[in-house]
Amino acid sequence: MSSEQSHPHFVSPPGTLVGVSAVTPSPAEAVGVQHCDHGRDGGRPSLDPVIGSKAIDTRPHPLPCTEQATQPTDCWISSFDSHGAQDRDTEQVPASAKASLTIMPNEVLLDILGFLDVNDLLSISRISHHLRTLSMAPILHAYRLRLNRAILPPLLATRPPLADLIARSIFLTNTTVVSRRLGRSLVSIRLARRLATRPPAEVLVERAVLPYECVPGLAVVHVAPGLVAKRRAIEKEQVKDGLRRWVDAVWKRQVLQREEGMRQWEQSRGIGRVWRLRKFWERVGSGERVHVPV
Numbered sequence: 001m002s003s004e005q006s007h008p009h010f011v012s013p014p015g016t017l018v019g020v021s022a023v024t025p026s027p028a029e030a031v032g033v034q035h036c037d038h039g040r041d042g043g044r045p046s047l048d049p050v051i052g053s054k055a056i057d058t059r060p061h062p063l064p065c066t067e068q069a070t071q072p073t074d075c076w077i078s079s080f081d082s083h084g085a086q087d088r089d090t091e092q093v094p095a096s097a098k099a100s101l102t103i104m105p106n107e108v109l110l111d112i113l114g115f116l117d118v119n120d121l122l123s124i125s126r127i128s129h130h131l132r133t134l135s136m137a138p139i140l141h142a143y144r145l146r147l148n149r150a151i152l153p154p155l156l157a158t159r160p161p162l163a164d165l166i167a168r169s170i171f172l173t174n175t176t177v178v179s180r181r182l183g184r185s186l187v188s189i190r191l192a193r194r195l196a197t198r199p200p201a202e203v204l205v206e207r208a209v210l211p212y213e214c215v216p217g218l219a220v221v222h223v224a225p226g227l228v229a230k231r232r233a234i235e236k237e238q239v240k241d242g243l244r245r246w247v248d249a250v251w252k253r254q255v256l257q258r259e260e261g262m263r264q265w266e267q268s269r270g271i272g273r274v275w276r277l278r279k280f281w282e283r284v285g286s287g288e289r290v291h292v293p294v
């Protein structure tokens, strides 16, 4: 009897040669998988997390969980791994989807997801149900914890000392918190005393420090301090426009008066024969009776 027949809830991984049965580890071998392999992948722990006292077989595509499976983690792996195996066996993968994450084995996806933060895992879990199941896998989070345990100890020696953090105001001690609170109290007390001794608004208006439009009661219309400059600019433009119109009107009136004076002077003098002929024909044209001397 082969190992597949003796263990019916495991099948051979994809790519296994025909006629070669999958090897199921014995209990002694399963216990030996618990240690981290730091030699093959540069000190990074392997993707074989341990739940309790037994190692979990994460080989690809086990069949659905049966009554013979006793570990809940084995049932969980079988539940999402069997669907992926059925989909890959029954569906024809198009050429455009060869680089998709959905056709990768679950072990590769778990290895990739192990390097992501929790926020990235949350974003990936919203893509599809399969990625959501992998992102919420207990195996993945156990692996991330083991990876952090292996990475953090060398980095602890490079972190800044506590005195440096206190000097940068990153770490606040009780003394720092109390001193900050006391400083705010002193500033508020000093400000309250200064506000109590400041002069009234009428005095500030007399000293030309505060516009009178900003003081209620001194002006007909109360204006906010931020709008005083804008209002004065508008009033100045209105004065300029009025002055421009007045100058224009005065100049036109003076020009007309000067022209009228010159015409009257010419009429009184009787300058030129042409002028007399023009006046004569103007009277004839207007219908006046003209007396022609003989």
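Take the sequence shown: its letters are residues 1 to 294, numbered as in the UniProt record's numbering. A virtual CB, placed ideally from N, CA and C, is assigned to each residue, including glycine. Predicted model, so just to flag it, every value in this text is computed and none were measured.
| said: Excluding the 5 residues flanking Ser169 on each side, which residues of the same chain have their C-beta closer than 8 Å to its C-beta? | reply: Position 169 of the sequence shown holds residue 169. For Ser169, where only same-chain residues beyond five positions count, the Cβ hits under 8 Å are Thr176.
| What is the rounded straight-line gap between the Cα of Leu227 and the Cα of Ala233? | Residue mapping note: residue 227 aligns to position 227 of the sequence shown, counting from 1. Residue mapping note: residue 233 aligns to position 233 of the sequence shown, counting from 1. Distance between the alpha carbons of Leu227 and Ala233: 10 Å.
| Residue burial classification, Ala208 (beta-carbon count within 10 angstroms, cutoff 16) | Counting from one through the sequence shown, the residue named residue 208 turns up at place 208. Burial call: exposed.
| said: Taking CB distances under 8 Å as the criterion, tell me whether Thr133 reaches chain B. | reply: Going by chain labels, chain B is absent from the structure shown, which holds only one protein chain.
| task | Taking only the alpha-carbon atoms, compute the straight-line gap between Val118 and Ile127 and give it to the nearest angstrom. | result | Within the sequence shown, numbered from 1, the residue matching residue 118 stands at position 118. Within the sequence shown, numbered from 1, the residue matching residue 127 stands at position 127. Whole-angstrom Cα-Cα distance: 15 Å.
| query | Where Glu282 and Gln267 are concerned, what is the direct C-alpha to C-alpha distance, given to the nearest angstrom? | reply | Within the sequence shown, the letter at position 282 stands for residue 282. Within the sequence shown, the letter at position 267 stands for residue 267. Going by the C-alpha atoms only, they are around 14 Å apart.
| query | Can we say the segment 131-144 touches the segment 106-118, given the rule of at least three CB pairs closer than 8 Å? | reply | yes
| Close beta carbons around Ala201, own chain, < 7 Å, minus the five adjacent residues each side | For the purposes of this step, residue 201 is taken as residue 201 along the sequence shown, with counting starting at 1. Leu210, Val215.
| message | Taking DSSP's pairing of strands, which residues face Ala249 in a bridge? | response | As a first step, residue 249 is located in the sequence shown; it is residue number 249 there, counting from the start. The partner list for Ala249 (beta bridge, DSSP) is empty, contrary to what the question assumes.
| message | Helix, strand or coil, according to DSSP, for Ala224 in the structure here? | response | On the sequence shown, position 224 is the one that residue 224 refers to. Coil at Ala224, not helix or strand.
| Should Leu105 be labelled buried (16 or more other beta-carbon atoms within 10 Å of its own) or exposed? | Within the sequence shown, numbered from 1, the residue matching residue 105 stands at position 105. Note that residue 105 is Pro in the sequence shown, not Leu. So Pro105 counts as buried.
| query | Between Leu131 and Pro154, what straight-line distance do the alpha-carbon atoms span, to the nearest angstrom? | reply | The sequence position of residue 131 within the sequence shown is 131, counting from 1. The sequence position of residue 154 within the sequence shown is 154, counting from 1. Answer to the nearest angstrom: the Cα atoms are 32 Å apart.
| message | What would DSSP say about Ala157, mapped onto helix, strand or coil? | response | For the purposes of this step, residue 157 is taken as residue 157 along the sequence shown, with counting starting at 1. Ala157: coil per DSSP, three-state reduction.
| request: Using beta-carbon positions only, say whether Glu235 and His222 come within less than 8 Å of one another. | output: Residue 235 sits at position 235 when you count from the first residue of the sequence shown. Residue 222 sits at position 222 when you count from the first residue of the sequence shown. Cβ distance not < 8 Å, so Glu235 and His222 don't count as in contact.
| Hey, is Arg194 close to the ligand ATP, as in C-beta under 7 Å from one of its heavy atoms? | Although the ligand ATP was asked about, the structure shown includes no ligands whatsoever.
| task | Measure the alpha-carbon distance for His129 versus Thr102 and round it to whole angstroms. | result | Taking the sequence shown and counting its residues from 1, the one referred to as residue 129 is at position 129. Taking the sequence shown and counting its residues from 1, the one referred to as residue 102 is at position 102. Cα-Cα distance, rounded: 11 Å.
| field | Counterpart residues of Gly219 in DSSP-defined beta bridges | value | For the purposes of this step, residue 219 is taken as the residue at position 219 of the sequence shown. Note that residue 219 corresponds to Ala in the displayed sequence, not to Gly. Beta-bridge pairing links Ala219 to Pro216.
| Are Leu218 and Val239 close, meaning C-beta to C-beta below 8 Å? | Indexing the sequence shown from 1 puts residue 218 at position 218. Indexing the sequence shown from 1 puts residue 239 at position 239. No, these two residues do not count as a Cβ contact at 8 Å.
| Can you tell me whether DSSP reads Ser268 as helix, strand or coil? | Along the sequence shown, read from residue 1 onward, the residue named residue 268 stands at position 268. Reduced to three states, the DSSP call for Ser268 is helix.
| query | Going straight from the alpha carbon of Thr173 to that of Arg190, what length do you get? | reply | Reading the sequence shown from its first residue, position 173 is the one you call residue 173. Reading the sequence shown from its first residue, position 190 is the one you call residue 190. Using only the alpha carbons, I get a separation of about 26 Å.
| field | Residue span of the alpha helix (DSSP H) that contains Val209, given as start and end | value | Your numbering for residue 209 matches position 209 in the sequence shown. That residue, Val209, is in no alpha helix (DSSP H); it is neither H nor E in DSSP.
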